[in-house]
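Beneath this line is the structure, given in structure tokens, with notes to follow.
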Amino acid sequence: MAIAHSPASRVSESLATILVTVGVVLLALLTLYLVGFDQGAVSRSGMYLHELMHDGRHLLGLPCH
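Numbering (the working numbering), first residue to last: -3 to 61.
The structure is reproduced here in structure tokens:
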């Protein structure tokens, strides 16, 4: 028994791969912005989140002081 792939399924698989890749890249850029450059402007939920992002900047070696 052989499994045959039609061209339509390859297109949908590649489209799904592209969408997942774009989603991961956007999430990574958002995380990099929040940790590296935000300085608490978006994260106004108290000092806990600000300090967590501050520690993340130190962990990544980004300047923050």
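Here a beta-carbon is modelled for each residue, glycine too, at the ideal position from N, C-alpha and C.
Predicted model only: the values in this text are computed from it and were never measured.
Classification of residue i by the beta-carbon crowding that lies within 10 angstroms, buried from 16 upward
i     : result
Met43 : exposed
Pairwise C-alpha distance: residue j and residue i
i     : j     : result
Ser10 : Thr17 : 10 angstroms
Leu26 : Ser8  : 27 angstroms
Glu47 : Ala24 : 20 angstroms
Val21 : Ala12 : 14 angstroms
His50 : Leu15 : 31 angstroms
Are three or more beta carbon pairs between the region 48 to 58 and the region 19 to 31 nearer than 8 angstroms? At 8 angstroms Cβ cutoff, the stretches touch.
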